[in-house]
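Protein chains: 2
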Amino acid sequence: MGRRRPDTPTLEEVAARAGVGRGTVSRVVNNAAGVKESTRRAVREAIAELGYVPNLAARSLAGRRADAVALAMTERDWRLFGEPFFAETVHSVGDALAETGVQLLLTLIRTDDERKRFVEYARGGRVDGVLLVSVRADDPLPDMLAEARLPTVLLGRRSGAERVAYVDADNTGGARDAVAHLLGRGRTAIAAITGPLDMYVAQCRLNGYREALERAGLGGGPSWTAEGDFTEASGRRAMAELLARHPDVDAVLAASDTTAAGALTALREAGRRVPEDVAVIGFDDFPLARDTVPQLTTVRQPMAEMGRAMVRLLLAETDEHRAGSRHVVLPTELVIRESA
Amino acid sequence: MGRRRPDTPTLEEVAARAGVGRGTVSRVVNNAAGVKESTRRAVREAIAELGYVPNLAARSLAGRRADAVALAMTERDWRLFGEPFFAETVHSVGDALAETGVQLLLTLIRTDDERKRFVEYARGGRVDGVLLVSVRADDPLPDMLAEARLPTVLLGRRSGAERVAYVDADNTGGARDAVAHLLGRGRTAIAAITGPLDMYVAQCRLNGYREALERAGLGGGPSWTAEGDFTEASGRRAMAELLARHPDVDAVLAASDTTAAGALTALREAGRRVPEDVAVIGFDDFPLARDTVPQLTTVRQPMAEMGRAMVRLLLAETDEHRAGSRHVVLPTELVIRESA
DNA sequence: CTGAAAGCGCTAACAT
DNA sequence: ATGTTAGCGCTTTCAG
């Protein structure tokens, strides 16, 4: 056996010190019912005196939870790291987890090798489950995890027929509402800057955009959309393209806050006024964007609820409760700041 | 005991299937020497057939490494998440770790409660060590970890008398070189936008700036410096302040790439030309900034080496090798793109 | 309400 | 070269 840390007291030592059995100490540590208050206090005292901290490896091994969940993201989405969407996701999941005493572990997966290693890590019992953020439709990771029978929850579906548990917003409805709003304000030359079209979320928003236009008998055609990747730079580039193709554009639906910010820059560079001349609506509505472009109309995703829902689904899978549906779609909300 | 996963084979089952003892299987799994090639192959086969994956909790408990290290960051530095510096750090640490088969876990620590929980998690034996990024001078976390005798390595010192193992760049020297370069180009009205002055890295860069000026007999005075926080927004604001105080400024040393980008924006807004009119030097030199402001002169930190050094120090502490110094200061390098 | 005892799956020493 | 054995520290029945 490897060296032990002689400065790390064990449950047994606490028990000896408190003059009780190990089982009792275990019960106290885990806040289990059925321990006389005086005993409980004595044990607590011994714990404090010895500076006892439970060995988590032993605890996992003995069969309880790992008390940790992983939030994994793949390399292609690495830039999400800098996006408010990701920051907000981590925050909301962290908040939801805080109450449960579960440690949140972020992992970045870049190569297939790392993908494999991560699955082994997870299968090894070091996490209770895995949260996956905005996975590409062709990413094998969710299936690898499912095959390993690991509780998994996706933020964002990979397709309309997603079988892994997921939490998503009503992207189609949100886009439809946004375009309907613009139409209601008299805009008719409405363009769209999409997200990466190999992501279902981007397809949904594009569909919502098209549906709203079709209902108004205004089919836009492919030249009215440009693909971006949620970043500001892509929004700027896409807007420039759209302006070149359609100088008469009078409104734009952008894939995200950040994309919208990029679009605004391009519009200003082209000497267009926002929103008088061209109205812009973006998805997300994060504080960052709100500060930067206060006049922006946005479609809000209920981030806090999404985090809560993800954690709820994951814990349900962990407990094998199967409590309710494994799929959650939350409503979006149009946030109007200024007449568009 | 809680439910076991009947679909998760154990070492023992592999041993039975391969017709060998558990010890042999363990040796094969851990690539230990001293196993006949034919046996090794037989065991590998059994492993594949059963889909065996080692239980990491059991492995840790039995005394070996946790095969994971945590990279922790505190809430105040949350915005670093979006900064290339942080992304680059994670990448370089990830690369250095990839060769060793150790899982990198990122953890965000927001409250004192989470700080405590994280220390318990780490003390619980779930990580071999902790990497800390740009800690504030007054953060208790490093000391909490040291007290728990957990291998810890800081990226960036908290002070000149740092006792915890660290990796840092020669910030004073880098700033001095940068200012010397500017002086050599005939610039004399040189301002500085610093990082948060409760961070040692910011103090060092400020000192380097002052030293270089003093050597040239050009003491700047406090009105020539403005404090930022490494973000672009702070750089823009600080530059505006400096311009208001000293319209005759002809060069600026910025705390980071990103800060420099903000300063450039402010300069452009004020109608100044860069670098003809005002030369700007930023720290870091990341691809992002290079793309955005190609004419920027920068002081480069050797990120890849920093990652390697952090991992090396951490593993040395883990192995109790105490191989060499626990403190590493790497040289910076002035990257000149255009005459300043 | 509490103590004793049986593992959890693995590693590392010790035999063979 | 390989099998056997003794724990690692904890949770959880099962008796008292």
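If you read the sequences in order, they're chains A and B.
Using the numbering used here, the first residue of the first sequence is number 1, and each one after it goes up by one.
Using the numbering used here, the first residue of the second sequence is number 341, and each one after it goes up by one.
C-beta: ideal position from N, C-alpha, C; glycine also.
Please read all numbers here as calculations on a predicted model, not as lab measurements.
Secondary structure at residue i, three-state DSSP: helix, strand or coil?
{"i": "residue 623(B)", "result": "strand"}
{"i": "residue 168(A)", "result": "strand"}
{"i": "residue 225(A)", "result": "strand"}
{"i": "residue 258(A)", "result": "helix"}
{"i": "residue 443(B)", "result": "strand"}
{"i": "residue 360(B)", "result": "coil"}
{"i": "residue 492(B)", "result": "strand"}
{"i": "residue 553(B)", "result": "helix"}
{"i": "residue 253(A)", "result": "strand"}
{"i": "residue 39(A)", "result": "helix"}
{"i": "residue 529(B)", "result": "coil"}
{"i": "residue 413(B)", "result": "strand"}
{"i": "residue 194(A)", "result": "strand"}
{"i": "residue 62(A)", "result": "coil"}
{"i": "residue 108(A)", "result": "strand"}
{"i": "residue 68(A)", "result": "strand"}
{"i": "residue 577(B)", "result": "helix"}
{"i": "residue 10(A)", "result": "coil"}
{"i": "residue 3(A)", "result": "Residue placement at residue 3(A) cannot be trusted, given a pLDDT of 38 that sits under 50; what the coordinates show is reported in the next sentence. Note: residue 3(A) maps to coil in three-state DSSP."}
{"i": "residue 570(B)", "result": "coil"}
{"i": "residue 29(A)", "result": "helix"}
{"i": "residue 476(B)", "result": "coil"}
{"i": "residue 502(B)", "result": "coil"}
Looking at the unbroken beta strand (DSSP E) that takes in residue i, where does it start and where does it end?
{"i": "residue 318(A)", "result": "Unbroken run through residue 318(A) is the alpha helix (DSSP H), 303-318; no beta strand (DSSP E)."}
{"i": "residue 327(A)", "result": "327-330"}
{"i": "residue 614(B)", "result": "Per DSSP, residue 614(B) belongs to no beta strand (DSSP E) and is neither H nor E."}
Candidates the options: which alpha carbon is nearest residue i's?
{"i": "residue 65(A)", "options": "316(A), 35(A), 125(A), 304(A)", "result": "125(A)"}
{"i": "residue 210(A)", "options": "188(A), 231(A), 123(A)", "result": "188(A)"}
{"i": "residue 255(A)", "options": "154(A), 263(A), 248(A)", "result": "263(A)"}
{"i": "residue 447(B)", "options": "157(A), 71(A), 326(A)", "result": "71(A)"}
{"i": "residue 326(A)", "options": "267(A), 336(A), 163(A)", "result": "163(A)"}
{"i": "residue 128(A)", "options": "119(A), 67(A), 268(A)", "result": "67(A)"}
{"i": "residue 463(B)", "options": "401(B), 428(B), 475(B)", "result": "401(B)"}
{"i": "residue 333(A)", "options": "69(A), 231(A), 223(A), 176(A)", "result": "176(A)"}
{"i": "residue 487(B)", "options": "348(B), 601(B), 460(B)", "result": "460(B)"}
{"i": "residue 638(B)", "options": "607(B), 544(B), 676(B)", "result": "676(B)"}
{"i": "residue 542(B)", "options": "431(B), 497(B), 621(B), 427(B)", "result": "497(B)"}
{"i": "residue 223(A)", "options": "181(A), 243(A), 279(A), 18(A)", "result": "243(A)"}
{"i": "residue 249(A)", "options": "234(A), 275(A), 258(A), 232(A)", "result": "275(A)"}
{"i": "residue 55(A)", "options": "101(A), 10(A), 34(A)", "result": "10(A)"}
{"i": "residue 553(B)", "options": "510(B), 523(B), 572(B), 571(B)", "result": "523(B)"}
{"i": "residue 622(B)", "options": "361(B), 572(B), 613(B)", "result": "572(B)"}
Just curious, the alpha helix (DSSP H) that residue i is in, first and last residue?
{"i": "residue 484(B)", "result": "481-487"}
{"i": "residue 473(B)", "result": "Counting along the chain, residue 473(B) falls outside any alpha helix (DSSP H), though it belongs to the beta strand (DSSP E) covering 469-473."}
{"i": "residue 676(B)", "result": "First-last for residue 676(B): undefined, no H or E at that position."}
{"i": "residue 639(B)", "result": "Element bounds for residue 639(B): not the alpha helix (DSSP H) but the beta strand (DSSP E), 637-640."}
{"i": "residue 429(B)", "result": "424-438"}
Please compile the residues from chain B whose C-beta is within a distance smaller than 7 Å of the C-beta of residue i.
{"i": "residue 282(A)", "result": "Chain B residues near residue 282(A): none, gap ~18 Å exceeds 7 Å."}
{"i": "residue 368(A)", "result": "The requested residue 368(A) does not occur in the structure, where chain A is confined to residues 1 to 340."}
{"i": "residue 120(A)", "result": "393"}
{"i": "residue 125(A)", "result": "395, 396, 397"}
Can you pull the chain A neighbours of residue i, defined as C-beta to C-beta under 7 Å?
{"i": "residue 430(B)", "result": "108"}
{"i": "residue 398(B)", "result": "61"}
{"i": "residue 568(B)", "result": "Those do not exist, as residue 568(B) stays about 17 Å from chain A at its closest Cβ, beyond 7 Å."}
Report the neighbours of residue i on chain A: residues whose CB is nearer than 9 Å to its CB, in chain order.
{"i": "residue 576(B)", "result": "The premise fails here: residue 576(B) is roughly 12 Å from chain A at the closest Cβ pair, so nothing lies under 9 Å."}
{"i": "residue 434(B)", "result": "108, 110, 114"}
Cβ closer than 8 Å: which chain B residues qualify as neighbours of residue i?
{"i": "residue 104(A)", "result": "447, 448"}
{"i": "residue 117(A)", "result": "441, 443"}
### Query
When the Cβ atoms of the segment 178-195 of chain A are set against those of the segment 211-230 of chain A, are three or more pairs found closer than 8 Å?
yes
### Task
Mind the definition here: the segment 46-53 of chain A touches the segment 11-29 of chain A only if three or more C-beta pairs lie below 8 Å; say whether that holds.
yes
### Task
Would you check if there are 3 or more beta carbon pairs closer than 8 Å linking the segment 306-320 of chain A to the segment 147-155 of chain A?
yes
### Task
Check whether the segment 452-467 of chain B touches the segment 36-43 of chain A, taking contact to mean three or more Cβ pairs, one atom from each stretch, closer than 8 Å.
no
### Message
With three or more C-beta pairs closer than 8 Å as the rule, is the segment 86-104 of chain A touching the segment 135-142 of chain A?
### Response
no
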